[in-house]
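Residue numbers (my numbering): 6 to 384.
For glycine and all other residues, C-beta sits at the position ideal for the given N, C-alpha and C.
What follows is a short report on a single structure.
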């Protein structure tokens, strides 16, 4: 009889990064435990079943969630940035609730491939420490997460730094990305710069005013960068929305302001295909973490702009730093970073591919850790 796991994360919301995380977990787990049965807590179970070929159930139907936990051998929480209260003050309590429910069902918990923190609320910090200290295994994606857990007082089990699960994901063949780009008007014989942007606000949960001056200023900076890519570097401009429809509508606003030819890739796009698309461009300029990861996976030179510590943490793994911080971004600095990356792009590909291969090996260890928890079941 095959072993069964339940996976919980930010799945079923059409977020390309999180769907890539899930696909990477599935690849790593099934490589380590070939006969593994997987069920996923999802906001859109039908879409998750169709896209990933696994069982799925609704993440907010707690009675079904409990039944799924009672039928599994290990509960996997991850990956992503689930345990933080900066971008959302409420979501951390949902994910803490899933850990508590698994404990009530007497199921071993694996915290897998996550980026932990920042956690500001004292209540959330205490609850996270208490529940993590009762986990069967913890793997994190970067050194900053190790430091956060140490500061929280998480002492057991032994915490292992692996990598973001996306690095275990095998992308679609290059031809798939080329076909998608050609279909949307990109000339494959000309250079192309991709932008993966998101609307940004300084305070979590705050909605922008209709004419927010900060929003308009930042919109202008992105538009200037897109125009620079087209006019000064002679590149085609491609916007890659990682979380449609929000990113897609924002990209269209930037493209309109830039007033140069640009393609906004419509979404959602399956993560394996999207990684293939990213592999066909010459430079990635991104706020979105997983757009940067997609670029690194494909050896595509990148310019990262930080709005969250997770961006800084990932770039450190590549021995790089953000080109700018969203709290202080200026157009001239961004244009200089894009020009510098563009001029150095020929030498960047091999370095990034080498680092990505090392991170892939680390990401596959997430599967090995799960296999060790399942050993009595499948051994």
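Delimiting residues of the beta strand (DSSP E) encompassing residue i
i, result
"residue 9", "9-13"
"residue 309", "307-311"
"residue 288", "288-291"
"residue 63", "60-63"
"residue 84", "79-85"
Proximity winner among the options, relative to residue i (alpha-carbon distances)
i, options, result
"residue 292", "316, 44 and 305", "316"
"residue 274", "33, 7 and 52", "52"
"residue 190", "311, 271 and 64", "271"
"residue 184", "281, 355, 118 and 140", "281"
"residue 21", "338, 251 and 322", "251"
"residue 335", "76, 224, 181 and 122", "224"
"residue 161", "72, 181, 142 and 66", "142"
"residue 310", "356, 358, 351 and 201", "201"
"residue 177", "128, 140 and 279", "279"
"residue 104", "320, 381 and 139", "139"
"residue 262", "378, 344 and 221", "221"
"residue 321", "357, 346, 351 and 331", "357"
"residue 346", "127, 199 and 78", "199"
"residue 337", "87, 91, 372 and 232", "232"
Residue i and residue j closer than 8 Å at C-beta
i, j, result
"residue 235", "residue 242", "yes"
"residue 265", "residue 246", "no"
"residue 328", "residue 342", "yes"
"residue 290", "residue 230", "yes"
"residue 365", "residue 70", "no"
"residue 82", "residue 98", "no"
"residue 168", "residue 318", "no"
"residue 308", "residue 284", "no"
"residue 61", "residue 45", "yes"
"residue 276", "residue 36", "no"
"residue 59", "residue 43", "yes"
"residue 89", "residue 124", "yes"
"residue 170", "residue 74", "no"
"residue 157", "residue 130", "yes"
"residue 64", "residue 48", "yes"
"residue 259", "residue 228", "yes"
Backbone CA spacing between residue i and residue j [nearest angstrom]
i, j, result
"residue 9", "residue 155", "31 Å"
"residue 325", "residue 240", "24 Å"
"residue 163", "residue 80", "17 Å"
"residue 57", "residue 370", "21 Å"
"residue 254", "residue 204", "10 Å"
"residue 214", "residue 147", "The pLDDT assigned to residue 214 is 42, lower than 50, so where the model puts this residue is not dependable; a value taken from the coordinates is nonetheless given after this. In a straight line, the C-alpha of residue 214 is about 36 Å away from that of residue 147."
"residue 211", "residue 93", "Because residue 211 carries a pLDDT of 48, less than 50, the predicted location of this residue cannot be relied on, and the following value inherits that uncertainty. The straight-line gap from Cα to Cα measures roughly 10 Å."
"residue 85", "residue 296", "14 Å"
"residue 196", "residue 144", "39 Å"
"residue 23", "residue 237", "34 Å"
"residue 362", "residue 302", "8 Å"
"residue 132", "residue 299", "33 Å"
"residue 209", "residue 256", "Residue placement at residue 209 cannot be trusted, given a pLDDT of 47 that sits under 50; what the coordinates show is reported in the next sentence. Looking at the two C-alpha atoms, the distance is approximately 21 Å."
"residue 216", "residue 118", "Caution applies to residue 216, whose pLDDT of 45 falls short of 50 and renders its modelled position unreliable; the value that the coordinates give is listed next. Roughly 39 Å separates the two Cα atoms."
"residue 376", "residue 39", "10 Å"
"residue 360", "residue 166", "15 Å"
"residue 96", "residue 194", "44 Å"
"residue 113", "residue 11", "11 Å"
"residue 106", "residue 159", "20 Å"
"residue 151", "residue 122", "10 Å"
"residue 55", "residue 17", "11 Å"
"residue 353", "residue 108", "46 Å"
"residue 67", "residue 153", "30 Å"
"residue 175", "residue 331", "31 Å"
"residue 192", "residue 111", "56 Å"
"residue 226", "residue 351", "26 Å"
"residue 134", "residue 339", "39 Å"
"residue 4", "residue 294", "Residue coverage of the chain in this structure runs from 6 to 384, which leaves residue 4 outside it and unanswerable."
"residue 126", "residue 91", "10 Å"
"residue 313", "residue 206", "11 Å"
Residue-level contact to chain B via CB, residue i, 8 Å cutoff
i, result
"residue 153", "Checking the listed chains, one finds no chain B in this structure; it contains a single protein chain."
Span of the alpha helix (DSSP H), counted from its first residue to its last, around residue i
i, result
"residue 44", "Looking at the DSSP string, residue 44 is not in any alpha helix (DSSP H); the run it does join, the beta strand (DSSP E), is 42-47."
"residue 283", "276-283"
"residue 73", "67-75"
"residue 50", "50-57"
"residue 29", "21-37"
"residue 185", "179-188"
"residue 294", "294-302"
Go through the stretch 199-270 residue by residue and report every complete run of the alpha helix (DSSP H) that reaches 4 residues or more, in order.
-> 218-236 and 251-263
Quick one: complete alpha helix (DSSP H) runs, 4+ long, within the stretch 108-163?
-> 127-137 and 148-157
Return the chain-ordered ranges of every alpha helix (DSSP H) run that is complete within the stretch 305-372 and spans a minimum of 4 residues.
-> 314-322 and 336-348
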